[in-house]
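Same order as they appear, the protein sequences are chains A and B. To convert a position in the first sequence, counted from 1, into this note's numbering, add 51. To convert a position in the second sequence, counted from 1, into this note's numbering, add 51. In what follows, a structure is listed as structure tokens, so that the remarks can point back to it.
There are 2 protein chains.
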Amino acid sequence: MKRQTTLKDVAKAAGVHVSTASRALDPKNRHLITPEAVQRILDVSQQLGYRHNAAAAALRTARSRMIGVVVPDIANPIFPPIIRGIEDSLAQIGYLAIIGNTDNDPVREKSLALKLQERGVDGFILASVELQDDTVAKLAEDGIPIVTVNRRSSNENVSSVVHDDDEGIRRVLTHLASLGHRRIANIAGPQRLSTGADRYAAFERHRKALGLAEEVDLVTFAKGYTESEGERCVEELLVRRQDFSAIVCANDRLAIGAIESLARRGIKCPQGHFDYRLQRYADGRSPETAPDDDPDRTIQHRVPSRRAVDEDDRQRRG
Amino acid sequence: MKRQTTLKDVAKAAGVHVSTASRALDPKNRHLITPEAVQRILDVSQQLGYRHNAAAAALRTARSRMIGVVVPDIANPIFPPIIRGIEDSLAQIGYLAIIGNTDNDPVREKSLALKLQERGVDGFILASVELQDDTVAKLAEDGIPIVTVNRRSSNENVSSVVHDDDEGIRRVLTHLASLGHRRIANIAGPQRLSTGADRYAAFERHRKALGLAEEVDLVTFAKGYTESEGERCVEELLVRRQDFSAIVCANDRLAIGAIESLARRGIKCPQGHFDYRLQRYADGRSPETAPDDDPDRTIQHRVPSRRAVDEDDRQRRG
DNA sequence: CTGAAAGCGCTAACAT
DNA sequence: ATGTTAGCGCTTTCAG
């Protein structure tokens with residue numbers, strides 16, 4: 052690996068000072084240099100195969116143009132499309148996403164955040180947060196920009212982009228009610244996660260609003276979003292009672308586990324889930340998907356930006 | 052964001068020189084320093100919340116401890132587990148993976164590789180390569196370490212980790228032959244990709260070896276690994292002839308497209324694919340999976356390491 | 001519009 | 001065993 056061409060090499064070859072070369076190569080500062088010089092420098096840098104040294108720039112400017120993206124597990128299929136979107140958006144503005152996995156372990160999340168900070172990331176996008184999250188607290192304290200995705204933090208100073216869980220659960224319950232279901236069980240998610248808490252709260256709210264049966268033992272709580280927890284929760288519900296006709300699961304993995312478990316007991320759900328799968332496969336779409344508006348609805352919780360806050364401060368002081 | 056604690060701060064607080072602090076903090080050089088000094092420096096750095104500045108170290112050492120990982124599309128479900136494995140393995144040795152997507156576009160691959168080089172990655176793992184790949188050629192020329200995964204490059208100097216496609220196809224054909232199939236069609240993958248070329252070659256080889264029908268028009272080539280190409284290829288096969296009883300598809304997405312297309316025409320495959328799916332689902336495993344050894348077999352094509360090559364050179368010259 | 005100069009934080013000869 | 005020294009390649013005041 053031969054020595055890299057540096058700015059100095061380019062400058063010398065173009066007969067200018069390094070600082071001039073630096074400015075010419077930076078679109079933001081190009082206007083400071085005469086067009087002819089810019090052209091010459093561009094040509095020379097092309098010719099010599101000059102490549103910007105990001106580490107040097109990062110050291111000098113204290114900005115890396117990298118964003119840390121922290122997810123529980125990239126192999127969980129809900130994340131790759133999210134990550135892809137993040138990467139593509141960041142790439143457009145010259146930023147790079149650095150992905151890390153936590154396996155939902157707060158200890159790993161913390162050490163990962165530290166590693167990424169050492170790498171100099173300019174900010175974090177966190178998909179792994181719990182409502183009360185030490186790492187978020189620490190990072191926020193450091194003043195490093197954070198946005199959470201998919202899950203909220205309870206920290207009021209952290210922005211987030213999440214689904215409209217209340218509306219989603221409302222639609223699910225409304226749909227089930229319209230099919231005639233009156234006793235609807237709920238396999239709720241972990242309550243330390245915003246998705247668990249929000250969907251459970253929405254379930255209670257809309258169950259009431261729709262005048263459905265409100266027995267406490269129709270609700271059970273999963274300890275994690277896993278298929279095996281879905282199975283366990285179904286068993287638990289069935290031990291308690293047998294008179295519900297539908298189950299709302301807090302997420303897909305719980306639902307998969309629930310369906311497996313029901314199938315093993317010979318309980319068809321819904322209307323025999325194999326028929327359901329068959330029809331879905333043949334049609335290319337679910338027979339139960341109501342034609343509805345805005346299926347991808349998300350909510351953005353925005354916190355005033357740092358700059359805005361600083362200006363507020365300044366005005367207050369001024 | 053308050054100013055970071057630097058090595059200098061730690062050194063001053065511990066009453067030693069920066070270089071001493073640097074050595075004490077580096078496990079590899081710790082032994083050079085007296086245990087008491089190490090302890091003191093460790094304590095102080097902890098106390099001050101010192102964080103290693105990776106950009107500065109990278110600039111100084113010209114090694115970033117980052118590896119560029121280039122895949123066609125992280126949202127394609129075959130890649131996340133591969134990436135996860137790469138990330139975990141790299142993390143163990145203090146390295147970081149940086150993921151990039153190419154969408155199978157050689158132009159994007161090239162510009163991505165450049166960006167990652169500017170970021171100073173120490174090497175590349177490429178899952179996106181074609182047999183003849185400009186980017187691989189350029190990178191190899193630069194002398195930057197490369198390994199390809201999932202696909203081979205035709206470049207003899209590049210190591211790769213790939214499936215044993217020949218053995219895989221052999222098992223598929225042997226299995227189909229044992230079920231009585233004699234006219235077996237093949238939806239082959241793109242021949243510019245090693246997976247396409249290798250699986251097609253294996254198909255021809257083992258079809259011959261097993262004494263199966265060898266008509267040319269039983270083979271059709273997909274232009275890409277997509278479901279729609281799978282559909283198109285089935286249509287093409289059916290236009291040509293109707294007397295084959297099985298199809299070997301070069302990958303899963305082609306197979307999905309093929310099955311869709313067959314289903315639309317009312318052709319059951321295999322023995323009615325819905326039955327197949329149903330049974331698979333109920334059992335938790337495919338009824339056609341023969342109990343076989345080593346299901347995850349991969350092949351590693353190793354190229355002598357740079358060091359080894361250098362030593363060879365030296366010996367030859369010496 | 002361009003040049004000079006300083007220094008980001010770290011590591012690694014080299015010297016003691 | 002520790003300190004001295006010299007940059008890595010870049011950006012950015014400050015001068016001219």
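Ideal placement from N, C-alpha and C gives every residue a C-beta, glycine not left out.
Measure the C-alpha to C-alpha separation of residue i and residue j and round it to an integer number of angstroms.
i, j, result
"Val95(B)", "Ala248(A)", "41 angstroms"
"Asp220(B)", "Ala228(B)", "It should be noted that the sequence gives Ile, not Asp, for residue 220(B). Spanning the two alpha carbons is a distance of roughly 12 angstroms."
"Arg315(B)", "Ser245(A)", "43 angstroms"
"Asp154(A)", "Ala88(A)", "53 angstroms"
"Leu93(A)", "Ser205(A)", "49 angstroms"
"Lys161(A)", "Val69(B)", "28 angstroms"
"Ile118(A)", "Leu177(A)", "10 angstroms"
"Ile195(B)", "His226(B)", "43 angstroms"
"Ala126(B)", "Asp60(B)", "44 angstroms"
"Glu192(A)", "Ile307(B)", "50 angstroms"
"Ala62(B)", "Pro241(A)", "46 angstroms"
"Arg159(B)", "Ser140(A)", "15 angstroms"
"Val309(B)", "Cys284(B)", "At residue 309(B) the sequence reads Ala, which differs from the Val that was named. Rounded to whole angstroms, Ala309(B) to Cys284(B) spans 7 angstroms at the Cα level."
"Val212(A)", "Gly275(A)", "21 angstroms"
"Arg222(A)", "Gly317(A)", "28 angstroms"
"Gly136(A)", "Gln90(B)", "45 angstroms"
"Lys166(A)", "Glu266(B)", "58 angstroms"
"Asp268(A)", "Leu288(A)", "8 angstroms"
"Pro157(A)", "Asp303(A)", "23 angstroms"
"Val290(B)", "Ala188(B)", "41 angstroms"
"Leu76(B)", "Ala107(B)", "15 angstroms"
"Val200(B)", "Asn208(A)", "42 angstroms"
"Ala142(B)", "Ile197(A)", "23 angstroms"
"Arg243(B)", "Glu218(A)", "48 angstroms"
Starting from the C-beta of residue i, find all residues in its chain whose C-beta is less than 8 angstroms away, skip the five residues before and the five after it, and write them out in chain order.
i, result
"Glu311(A)", "Glu278, Gly281 and Glu282"
"Leu224(A)", "Ile235, Phe254, His257, Arg258, Leu261, Leu263 and Val299"
"Ala239(B)", "Gly247, Arg250, Tyr251, Phe254, Val270, Thr271, Phe272, Ala273 and Ala301"
"Pro44(B)", "Coverage of chain B is limited to positions 52 through 369, which leaves residue 44(B) absent and any answer about it impossible."
"Glu286(A)", "Ser312"
"Ala105(B)", "Ser115 and Arg116"
So is residue i buried or exposed if we call it buried at 16+ other beta carbons inside 10 Å?
i, result
"Gln183(A)", "exposed"
"Thr71(A)", "buried"
"Arg203(B)", "buried"
"Lys319(A)", "exposed"
"Ala179(A)", "Before going further, note that residue 179(A) is Ser rather than Ala in the sequence given. By the 10 Å Cβ count, Ser179(A) comes out buried."
"Ile144(B)", "exposed"
"Thr112(B)", "exposed"
"Glu138(B)", "buried"
"Gln168(B)", "buried"
"Leu190(B)", "buried"
"Leu230(A)", "exposed"
"Val121(B)", "buried"
"Arg74(A)", "buried"
Can you determine whether any heavy atom of the ligand SAM sits closer than 7 angstroms to the C-beta of residue i, and answer yes or no?
i, result
"Val61(A)", "Summarising the ligand content, the structure contains no ligands, and the ligand SAM is consequently not present."
Apart from the five residues on each side of it in sequence, which residues of its chain come closer than 7 angstroms, Cβ to Cβ, to residue i?
i, result
"Ala64(A)", "Val95 and Leu99"
"Val67(B)", "Ala88 and Ile92"
"Ala109(B)", "Ser115 and Gly171"
"Gln293(B)", "none"
"Leu163(A)", "Val121, Gly151 and Thr153"
Excluding the 5 residues flanking residue i on each side, which residues of the same chain have their C-beta closer than 6 angstroms to its C-beta?
i, result
"Leu305(B)", "Ile238, Ala273 and Gly281"
"Arg353(B)", "Ser210"
"Ala297(A)", "Leu227, His232 and Ile235"
Contact list for the stretch 87–107 of chain A against chain B, Cβ threshold 8 angstroms: Those residues of the stretch 87–107 of chain A that come within reach of chain B (Cβ to Cβ, closer than 8 angstroms) are Arg102, His103, Asn104, Ala105, Ala106 and Ala107.
Residues from the stretch 173–188 of chain A in contact with chain B, defined by Cβ distance under 8 angstroms: Answer set for the stretch 173–188 of chain A: empty.
Validate contact between the stretch 138–158 of chain B and the stretch 168–184 of chain B using beta carbons, cut 8 angstroms, 3 pairs: Taking 8 angstroms as the limit for Cβ pairs, the verdict is that the stretch 168–184 of chain B does touch the stretch 138–158 of chain B.
Cβ contact check for the stretch 79–94 of chain B and the stretch 77–87 of chain A: 3 or more pairs under 8 angstroms: No, because fewer than three Cβ pairs between the stretch 79–94 of chain B and the stretch 77–87 of chain A fall closer than 8 angstroms, the two stretches do not touch.
Segment contact, 8 angstroms Cβ cut-off, at least three pairs: the stretch 98–118 of chain A with the stretch 52–67 of chain A: Counting C-beta pairs with one atom in each stretch, the stretch 98–118 of chain A and the stretch 52–67 of chain A have three or more that are closer than 8 angstroms, which means they touch.
Segment contact, 8 angstroms Cβ cut-off, at least three pairs: the stretch 126–133 of chain A with the stretch 184–204 of chain B: Flag = no, the stretch 126–133 of chain A and the stretch 184–204 of chain B do not touch.
Residues, ordered as in the chain, of the stretch 274–294 of chain A that lie near chain B by beta-carbon distance below 9 angstroms: Residues: none.
Near-chain A residues of the stretch 153–169 of chain B - C-beta to any C-beta below 8 angstroms: Within the stretch 153–169 of chain B, the residues whose Cβ lies closer than 8 angstroms to any Cβ of chain A are, in chain order, Leu165, Lys166, Gln168 and Glu169.
Positions along the stretch 216–238 of chain B whose CB lies within less than 8 angstroms of some CB in chain A: In summary, no residue of the stretch 216–238 of chain B has a CB separated from any CB of chain A by less than 8 angstroms.
Within 7 angstroms of chain A by C-beta, residues of the stretch 299–312 of chain B in sequence order: Answer in chain order: no residues at all.
Interface residues of the stretch 191–204 of chain A facing chain B [CB-CB below 7 angstroms]: Those would be Asp193, Gly194 and Ile195, in chain order.
Contact residues within the stretch 126–149 of chain B, judged by C-beta distance below 7 angstroms to chain A: Ala126, Pro128, Pro131, Pro132, Ile134, Arg135, Glu138, Leu147 and Ile149: these are the residues of the stretch 126–149 of chain B whose beta carbon lies less than 7 angstroms from some beta carbon of chain A, given in chain order.
Residues, ordered as in the chain, of the stretch 69–84 of chain A that lie near chain B by beta-carbon distance below 7 angstroms: Closer than 7 angstroms at the C-beta level to chain B, one finds no residue of the stretch 69–84 of chain A.
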